[in-house]
Structure formats: structure tokens, C-alpha cells
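Read the structure below first, then the notes.
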Amino acid sequence: MNYTIAMIEGDGIGPEQTAAAKEVLSEVERAFNTSFSYVEVEAGDRTLARRGQALPNGSLETIRKCDCCLKAPVGESAYDVIVHLRQQLDLYANVRPAKALPNVPCLNSMTDLVIVRENTEDLYAGLETADNERATATRLITRRASTRIAKFAFEMAQARRYAVTAVHKANVLKKTDGLFLSICKEEAANYSNVKFSEMYVDAAAMNLIRIPQDFDVIVTTNMFGDILSDEAGQVVGGLGLAPSANIGENFAIFEPVHGCAPDIAGKNIANPTSLILSSAMMLNWLARKKKDDQAELASQAIQRSVERCLAARKVTPDLGGKLTTLEMGRAVRAGLSQVVYQ
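Residue numbers (my numbering): 15 to 356.
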């Protein structure tokens with residue numbers, strides 16, 4: 015099948031990571047009867063400096079016309095880019111896996127979890143006011159948003175290890191988190207084959223360090239999910255390895271969790287793993303959306319090839335290797351061929 019991919023190269027290390035990811039996707043085209051048409055989209059700090067907007071209206075309209083979007087990290091304008099895209103495209107589910115990988119120092123080698131974060135409301139809805147004496151922010155939690163993120167989490171658990179943990183602070187935030195928790199419990203009743211539990215956010219933060227292997231799917235509100243997912247990324251070795259997805263009913267954007275690392279931009283030493291694994295998540299989503307078995311096989315093959323490169327220490331300097339960003343992309347590409355033709 016042919017897919018039209020909106021490509022945001024981003025700032026800092028973004029263009030280097032993008033080049034490495036395209037190396038891998040070129041092998042997907044060859045080996046899995048798939049083709050990609052890339053549409054370059056302007057967004058980020060460089061666009062802001064050139065156009066006066068971090069995300070011009072034309073960029074948003076271009077993205078809408080594509081099958082999905084693969085986005086490298088952007089700089090200081092990240093909020094104006096990704097938060098705006100989440101809201102405009104109604105990308106209500108932020109999905110951030112945290113999995114222990116070969117030869118990457120982590121707290122527990124059995125860690126394999128996913129944080130499913132509501133992506134459109136909470137304090138990030140931007141409902142703030144201020145005067146000279148005080149500032150306030152309104153926390154927005156709705157039944158509609160809580161219901162659909164809970165359903166998303168339970169559906170995901172059915173494809174994993176059949177366990178969902180709702181993370182909240184309903185003992186203090188009785189109305190907002192109370193509503194979120196009650197809806198999670200309502201949805202749990204519809205998934206009798208999934209083990210449901212709940213946990214206060216402070217306890218969850220502790221247990222991600224203490225017993226990360228006990229979590230399967232965590233579902234939570236926007237700000238709690240933002241914080242916990244970065245913690246989970248560090249648990250398995252750092253944000254340089256962390257992919258993510260922003261998923262709605264009809265569209266999705268895939269991106270690394272981390273920033274654009276301007277201090278190493280242009281040196282071709284950035285780890286491309288996060289964007290390569292985000293590409294694997296993209297293919298998994300396309301497989302389900304388009305009922306494309308080849309895309310699913312390609313997604314699994316990318317994951318395995320990344321793990322083989324890490325096991326063989328075919329990696330960038332941050333992981334103790336000697337490869338450049340592009341060379342690691344090519345190593346994953348070569349490993350993909352071996353996975354496919356074994």
C-alpha cells in the first residue's frame with residue numbers, strides 16, 4: 015500500500031533523526047510491499063523565525079490531507095506546535111511505551127508498560143487567568159474525554175497483558191479526579207477479562223521506581239501522564255530511547271518524547287532510536303487503521319532490529335557506541351533485512 019506521510023523535520027537534532035528514520039523506512043518499502051510519499055511540513059523554531067508562526071495555517075491543512083504525521087522534536091516553540099495539533103486534530107490519546115531494551119541500563123529488565131494519557135484537557139486546556147495579585151488555572155475533566163481514554167486503555171490492555179491501572183488523586187481532587195476514576199470503574203465493568211486497579215499518583219510515581227514490572231497499561235489524566243511518562247522513560251534508560259503517539263479517531267502523530275537537543279545538533283551523534291521506534295508505532299497504527307498486515311509485520315521487524323542493534327552495541331556514543339546518527343539508522347536498516355529474510 016501507499017501512504018502519504020506528513021513529515022516534520024523539526025529543530026536541533028530533528029533533521030538528523032529524520033534522515034536515520036527514513037533509512038529504515040526505505041527498507042520497509044523494499045521488503046514489505048509498501049511505499050511512502052513524504053510531504054515536508056514547516057513547523058518549529060526555524061519556521062517561527064522565518065514565517066512568524068511556529069505552525070502556519072498551511073502546515074495544519076497539509077497535515078490534515080495526509081494519512082498520518084511523523085514528527086521529529088522541535089525547540090522552544092514545541093507547545094505552539096504539538097499542543098495546537100493535538101487540539102485541532104482531536105488527538106485525545108497520548109501513548110508512551112516504556113520497555114527495557116538490550117544493553118541499556120535500567121531499573122528493572124522486566125519493565126514493559128504503556129502509559130495512556132488523556133491528551134486534550136486537564137490543566138493543559140489553557141484556562142488560565144491572572145492579575146497583579148494572583149493567577150488561577152481551571153482544571154477541566156469531562157465525561158466524554160474520560161470515557162474515551164478509558165476505553166482506549168482497556169482495548170490496549172486486551173492486546174497486551176490484560177491489566178489496567180487508573181492513576182489519580184481523587185482523595186484530594188474529589189470532583190475532577192473523582193469523575194475520572196468513576197468513569198474508569200464504569201468502563202472496567204465492560205472488560206471482565208481485564209484486571210483493573212487504581213493508584214494515587216504519588217504512589218504510582220514511587221512504584222514506577224520500586225516495581226515497574228508490575229504495571230501493564232496505566233491510564234491517567236493529562237498532567238499526571240505527562241510527568242509519569244517522563245519518569246517511566248528514565249526508568250528504562252532515558253528519553254533518548256522513548257517513542258510516543260498522539261492518536262485520535264481518524265488521525266495520529268508519532269514523535270519522540272524528548273526535546274531537540276540543540277547542544278549536539280549538527281554533530282550527527284544523536285541517538286535516532288526514539289524516532290525509529292515512533293516510526294514502528296506509526297506502522298502499527300496504519301496496520302490497524304488500514305487493515306494492512308504488511309505494515310504490522312514491518313512494525314514488529316523494526317522493533318526487533320532496533321533490539322538487535324542495541325544488543326550488538328551498534329549504537330551512538332550516548333550508549334557507548336561509535337556510530338553516527340545516520341550510521342545507526344543504516345545499521346537498523348541492515349538488521350531489518352536480516353529479520354525479514356531469516
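Backbone N, C-alpha and C define an ideal beta-carbon position, used for all residues, glycine too.
Among G72, D332, M342, R78, nearest to E263 - alpha-carbon criterion | Within the sequence shown, residue 263 is the residue found at index 249, counting from 1. E263 has its Cα closest to that of R78, out of G72, D332, M342, R78.
Find the nearest neighbour of N204 within the set K188, Q227, I223, A171, judged by alpha-carbon distance.
-> Start at 1 with the first residue of the sequence shown, and residue 204 comes out as number 190. N204 has its Cα closest to that of A171, out of K188, Q227, I223, A171.
Between N298 and I267, what straight-line distance do the alpha-carbon atoms span, to the nearest angstrom?
-> Stepping through the sequence shown from its first residue, residue 298 is reached at position 284. Stepping through the sequence shown from its first residue, residue 267 is reached at position 253. Answer to the nearest angstrom: the Cα atoms are 12 angstroms apart.
Do L337 and F46 have their C-beta atoms within less than 9 angstroms of each other?
-> Counting from one through the sequence shown, the residue named residue 337 turns up at place 323. Counting from one through the sequence shown, the residue named residue 46 turns up at place 32. Contact flag unset, no.
Based on the DSSP output, what are the partners of L127 in its beta bridges?
-> Here the question's residue 127 lines up with position 113 in the sequence shown. Bridge partners of L127: A112.
Per DSSP, cross-strand counterpart(s) of K209 = Counted from its first residue, the sequence shown places residue 209 at position 195. Paired residue(s): A177.
Within this structure, are the beta carbons of G343 and E43 separated by less than 9 angstroms?
-> In the sequence shown, counting from the first residue as 1, residue 343 sits at position 329. In the sequence shown, counting from the first residue as 1, residue 43 sits at position 29. Going by C-beta atoms, G343 is not nearer than 9 angstroms to E43.
Identify every residue that forms a DSSP beta bridge with K85.
-> Taking the sequence shown and counting its residues from 1, one reaches residue 85 at position 71. Answer is I22.
Measure the alpha-carbon distance for Y52 versus E212 and round it to whole angstroms.
-> One-based indexing of the sequence shown puts residue 52 at position 38. One-based indexing of the sequence shown puts residue 212 at position 198. Cα-Cα distance, rounded: 42 angstroms.
Quickly, what does DSSP pair N16 with across the bridge? List them, please.
-> Taking the sequence shown and counting its residues from 1, the one referred to as residue 16 is at position 2. Its beta-bridge partners are S49.
Secondary structure of H98, DSSP reduced to three states = For this step, residue 98 is matched to residue 84 along the sequence shown. Helix, per DSSP.
The region 80 to 90 contacting the region 19 to 34, beta-carbon criterion three pairs below 8 angstroms | yes
Give every residue of the same chain whose Cβ lies closer than 7 angstroms to the Cβ of F238, excluding the five residues on either side of it in the sequence, and list them in chain order.
-> Numbered from its first residue, the sequence shown carries residue 238 at position 224. Excluding residues within five positions, the ones whose Cβ falls inside 7 angstroms are V181, V215.
Extent of the continuous alpha helix (DSSP H) run through A149 | Position 135 of the sequence shown, counted from the start, is the residue given in the question as residue 149. Taken as a continuous stretch (DSSP letters only), A149 belongs to no alpha helix (DSSP H), being part of the beta strand (DSSP E) at 149 to 151.
Measure the Cβ-Cβ separation of I129 and V109 and say whether it is below 9 angstroms.
-> Translated into the one-based positions of the sequence shown, residue 129 becomes position 115. Translated into the one-based positions of the sequence shown, residue 109 becomes position 95. Taking 9 angstroms as the Cβ cut-off, I129 and V109 qualify as a contacting pair.
For G247, which of H272, N260, A259 has the nearest alpha-carbon?
-> Mapped onto the sequence shown, residue 247 falls at position 233. When only C-alpha atoms are compared, the closest one is H272.
Determine the extent of the beta strand (DSSP E) in which E269 is found, giving its start and end residues.
-> If you number the sequence shown from 1, residue 269 lands on position 255. Taken as a continuous stretch (DSSP letters only), the beta strand (DSSP E) holding E269 covers 266 to 270.
Exposed or buried, M220, counting other C-beta atoms within 10 Å across all chains shown (16 or more means buried)?
-> As a working note, residue 220 is residue 206 in the sequence shown. Its Cβ having fewer than 16 others within 10 Å, M220 is exposed.
A279 versus R60: straight-line alpha-carbon distance, rounded | Here residue 279 refers to the residue found at position 265 when the sequence shown is read from its first residue. Here residue 60 refers to the residue found at position 46 when the sequence shown is read from its first residue. Distance between the alpha carbons of A279 and R60: 13 angstroms.
Whole runs of the alpha helix (DSSP H) within the region 270 to 342, excluding any shorter than 4 residues = 287 to 304, 307 to 325
Alpha carbon of T330 to alpha carbon of Y93, nearest angstrom | Here the question's residue 330 lines up with position 316 in the sequence shown. Here the question's residue 93 lines up with position 79 in the sequence shown. For T330 and Y93, the distance between alpha carbons rounds to 28 angstroms.
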